[in-house]
Amino acid sequence: MSIDWNRQNFSGEDPEQHPAVVALRAKHGAGLIGVGISRGEVWAVVSPENAIEILTFLRDDPGLSFDYLSDVTAVHWPDRDGAEFDVVYQLYSIGKKVRFRVKVPLSQDQETGTVTGIWPTAEWLEREVFDMFGIRFSGHPDQRRILNPEGFDGHPLRKEFPLKGRVSW
Amino acid sequence: MARQEIMTINMGPHHPSTHGVLRLILELDGEVVVNVIPDIGYLHRGVEKLSENRKYLQALPLTDRMDYLGPGSTNLAYILAVEKLLGIDVPPRARYIRTIIAELTRINSHLLGLGSCAGDCGAVSMLLYTLREREGVLDLFEETTGQRMMLSYTRPGGVANDILPGFEERVGAFLDKFPGKIDEYERLLTKNRIWIKRQKGVGVVSREQAIALGLSGPVARGSGVDWDIRRDEPYEAYDEVEFKVPVKTDGDAYSRYLVRIEEMRQSVHIIRQLINKIPDGPYINRAAKYMYPEKERVKDSMEAMIHHFKLVVEGLAPPEGEAYSTIEGPKGEIGFYLVSDGSPHPYRFRIRPPTFVNLQSIMTMAKGNMLADVVAIIGSIDIVLGEIDR
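Chains as they are written, first to last, in our numbering: chain G, 1 to 169; chain E, 170 to 559.
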C-alpha cells in the first residue's frame with residue numbers, strides 16, 4: 001500500500017481553508033507533508049523532524065493559539081510502506097473554540113520528539129503510546145510503561161499482537 | 170540547616186480513599202509531601218484492543234465499564250463518534266432523551282463524587298445522604314433503560330427503546346425534590362469549618378497550569394478555565410437550552426466542590442427546560458438501516474428479516490475515514506477517536522479518558538501539602554479507576 005498524503009476522498013469543505021492549514025502553508029510549508037479531511041475534521045501531516053517546531057508554532061501563534069492538547073495517540077498501519085505508525089495529536093484552542101489534528105508518520109524504529117515541553121499533559125499520554133505501540137519519544141522525562149506491568153512482553157495495540165495475549169498473567 | 174530525611178510511603182492499591190485500585194508512592198518530609206508517583210494499570214482490561222476486535226455495537230457495553238459512575242455520558246460520546254462516521258441523522262425525540270439521560274448521569278456522578286470526597290474527609294454521613302438521592306436517579310435509569318448502572322442505552326441514530334409513559338412526571342417529581350437536597354448538602358458543608366479547613370487552599374492548580382496539564386471538566390473550571398463543551402461546541406439538544414457555566418478562580422479543592430454543587434443545580438435547570446417539550450416522533454432513525462428493524466416486522470416482512478440478518482451477521486460498516494468526537498462528561502472531556510477502514514470492526518478505537526489526564530495533575534497538586542490532604546485531593550479530582558486504566 002503506498003501513501004497518498006493528500007487524499008481528500010471524503011466529503012466536506014476544503015481543508016486548505018482551515019486557518020491552521022493556511023498558516024502552516026505560509027510559514028512552515030517545508031515540514032508539511034500533506035493535509036486531509038474526514039467528516040469535516042481537518043488534519044495536517046508533518047514530518048517528525050519538523051514536528052516539534054510546527055506544534056510549538058501552532059500553540060504560540062496568536063492567530064491560532066492551540067493552547068490545549070486533548071489527546072496523543074497512535075495508529076498502526078502495518079501494510080504501509082515506509083511509515084508504519086501515525087502519531088496523532090488532537091489540538092484545541094480554548095479561546096477560539098477550534099479543533100485541529102496533527103499526524104506524524106513514523107517508521108518502525110524512528111523516534112519523534114516529545115511534546116511534554118509544549119504541553120506537560122503529554123507526559124502520561126506519550127507513556128501510554130510507548131506502552132501500547134512501542135513508539136519512543138526522544139527527550140521524554142519518564143519513558144516507562146504506564147498501564148501494562150513492567151516486564152510485559154510486546155505492545156498490545158500493534159496489529160500483530162494477538163487478542164488473547166502471549167502469556168497469561 | 171536542619172537535617173532533611175525523605176521517607177517513602179506506599180499508599181494503596183487497596184486503600185479506601187483511592188476509589189478503586191490506585192497506588193501512590195509518596196515521598197514525605199515529615200508530613201509534607203515532596204513527591205507523588207502514581208502507579209496505575211491495576212484495572213487494565215484492554216478496552217481499546219478488545220473493541221478493535223469487536224463490531225461497533227458490541228463495543229458499546231465496554232464503554233459502560235469505563236466510567237461506571239457516568240456510563241450514560243461515555244455511551245453518548247461513543248455513539249456520537251459512530252454517528253459521525255456513519256453520517257446519520259438523529260430524530261429530535263432521541264436527542265432530547267439522550268440529553269436528559271446525560272444530565273441525570275452528571276447528577277449521579279457528582280453525587281457520588283461529592284459524597285465519597287466528603288466521606289474520605291471524615292463527613293461520612295454525607296455519603297449516605299448523596300447515595301439516598303442517587304437512588305432516585307438510578308430508579309429513573311432502571312425504568313427507562315432496564316439497567317441501573319451499565320445503561321448501554323444509546324444506539325446509532327437514537328436510543329434503544331422509548332421512554333415509558335409518565336416518565337416526564339417522575340423526572341419532574343425528582344427535580345422538585347432535588348434542589349432542596351442540594352441546599353441540605355450545602356448547609357452541611359459549604360460553611361462548615363472543618364470542611365473548609367480540609368478543602369480551602371488544598372491541591373491548588375493555577376489557570377495556566379490547568380490548561381498546560383490538560384485538565385478539563387469541574388477540575389479545570391475550579392481553576393478559572395471558562396470552558397464547557399456543552400456551551401462551546403454544542404451537541405445533542407444543548408443549543409436549545411440556556412444554562413450557566415460555573416467558574417471559580419481559586420483552583421483549590423473547595424472551588425471544585427463549589428463548581429460541582431452549582432453544576433448539579435444547572436443540570437436540574439437543563440432537564441426542566443427539556444422534560445416538558447420532548448418532541449413526538451420516532452426515538453430512533455430506522456430509515457438509515459443501521460439499526461435492527463422492529464421485531465414484529467421481522468416476522469412477516471422478508472426485507473426486514475434480511476436486513477436484521479445482515480446486521481447481526483455482518484454488522485454495520487462505516488465508510489472509510491476517521492472521526493474525533495468529544496462531549497462534556499461529568500468528569501471532563503470524553504473523546505472518542507475512531508478510524509474506520511470500511512470493515513465492520515473499528516480499525517482504531519481510542520478513548521480520550523478525562524480522569525486519566527486529570528489524575529496526572531496530582532503530582533502538581535499534592536506537592537507541599539500534608540499527607541492527609543492527598544486523600545482530599547484524590548476526592549476532589551473525582552477519579553474513577555475503571556476509566557483511568559481502561
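The C-beta atom is built at its ideal place from N, Cα and C for all residues, glycine as well. All figures in this text were calculated on a predicted structure; none of them were measured in a lab.
#### Entry: Any C-beta of chain G under 8 Å from that of Glu491 (chain E)
yes
### Message
Between Arg521 (chain E) and chain G, is the shortest Cβ-Cβ distance under 8 Å, so that the two count as touching?
### Response
yes
### Query
Do Leu320 (chain E) and Phe310 (chain E) have their CB atoms nearer than 8 Å?
yes
### Query
Whose CA, out of E:Leu219, E:Leu297, E:Tyr452, lies closest to the CA of Phe518 (chain E)?
E:Leu219
### Task
Can you check DSSP and say which residues form a bridge with Tyr92 (chain G)?
G:Tyr68, G:Arg99
#### Entry: Met1 (chain G) burial status per 10 Å Cβ neighbour count (16 or more: buried)
Its pLDDT being 38, under 50, Met1 (chain G) is placed unreliably in this model, and the value from its coordinates should be taken loosely. The residue in question, Met1 (chain G), is exposed, as its Cβ has fewer than 16 Cβ neighbours within 10 Å.
### Message
Pull the bridge partners of Val42 (chain G) from the DSSP assignment, please.
### Response
G:Ile37
### Query
Do you know whose CA, among E:Pro522, E:Leu226, E:Arg390, lies nearest Met460 (chain E)'s CA?
E:Leu226
### Message
Let me confirm a value: Val167 (chain G) is counted as buried when at least 16 other C-beta atoms fall within 10 Å, else exposed. Which label applies?
### Response
exposed
### Message
Would Leu32 (chain G) and Val46 (chain G) be called neighbours here (beta carbons separated by less than 8 Å)?
### Response
yes
### Message
Any contact between the segment 287 to 307 of chain E and the segment 450 to 465 of chain E? By contact I mean 3 or more CB pairs, one from each, below 8 Å.
### Response
no
### Message
So if I threshold CB-CB distances at 8 Å, which residues from the segment 38 to 69 of chain G count as touching chain E?
### Response
Ser38, Arg39, Glu41, Asp67, Tyr68, Leu69
### Message
Check whether chain E comes within 8 Å of Asp71 (chain G), counting only Cβ atoms and requiring the distance to be less than that.
### Response
yes
### Task
Could you name the residues of the same chain whose beta carbon sits closer than 7 Å to that of Val416 (chain E), not counting the 5 residues immediately before and after it, in chain order?
Arg390, Gly393, Asp395
### Task
Return the CA-CA distance between Leu55 (chain G) and Glu128 (chain G), expressed in angstroms with no decimal places.
20 Å
### Query
So what does DSSP say about Thr56 (chain G), is it helix, strand or coil?
helix
#### Entry: Under the three-state DSSP convention, the category His591 (chain E) falls into
For chain E, the structure presents residues 170 to 559; residue 591 (chain E) sits outside this window and is missing.
### Task
Identify each residue in the segment 90 to 116 of chain G for which the Cβ-Cβ distance to at least one residue of chain E is less than 8 Å, and report them in chain order.
Gln90, Ile94, Lys97, Arg99, Arg101
### Query
Residues of chain E with CB under 8 Å from Leu147 (chain G), in chain order?
Ile209, Gly210, His213, Asp558, Arg559
### Query
Is DSSP giving His183 (chain E) helix, strand or coil here?
strand
### Query
Below 8 Å, can you find three or more Cβ-Cβ pairs linking the segment 441 to 450 of chain E to the segment 259 to 274 of chain E?
yes
### Message
Count Cβ pairs between the segment 272 to 288 of chain E and the segment 533 to 542 of chain E that sit closer than 8 Å; are there 3 or more?
### Response
no
### Query
So, does the CB of Arg136 (chain G) fall closer than 8 Å to a CB anywhere in chain E?
no
### Task
Tell me, please, whether the CB atom of Gln435 (chain E) is closer than 8 Å to any CB atom in chain G?
no
### Task
Give the DSSP bridge partners of Ile178 (chain E), in chain order.
E:Leu195
### Query
Do you know offhand how far Pro19 (chain G)'s Cα is from Arg59 (chain G)'s?
13 Å
### Message
Going by beta-carbon coordinates alone, are Val553 (chain E) and His184 (chain E) separated by less than 8 Å?
### Response
no
### Query
Going by the beta-carbon positions, is the gap between Ile164 (chain E) and Phe525 (chain E) smaller than 8 Å?
There is simply no residue 164 (chain E) to check, as chain E begins at 170 and stops at 559 in what is shown.
### Query
Is Lys218 (chain E) close to chain G, meaning its C-beta is less than 8 Å from at least one C-beta of that chain?
yes
### Tyr322 (chain E) in three-state terms, based on DSSP
coil
### Query
Buried or exposed: where does Ser549 (chain E) fall if 16 or more other Cβ atoms within 10 Å of its Cβ makes it buried?
buried
### Query
Which one or two residues does DSSP pair with Asn204 (chain E) in a beta bridge?
E:Glu196
### Task
Report the rounded CA-to-CA distance for Asp4 (chain G) versus Arg80 (chain G), giving the unit in angstroms.
For Asp4 (chain G), the predicted model reports a pLDDT of 41, less than 50, meaning its position is unreliable and no value from the coordinates is stated.
### Query
So, is Met180 (chain E) buried or exposed, given that buried needs 16 or more other C-beta atoms within 10 angstroms?
buried
### Task
Assign Asp289 (chain E) to buried or exposed, taking buried as 16 or more other Cβ atoms, counted over all protein chains shown, within 10 Å of its Cβ.
buried
### Task
For the beta strand (DSSP E) containing Val553 (chain E), list its first residue and its last residue.
First-last for Val553 (chain E): undefined, no H or E at that position.
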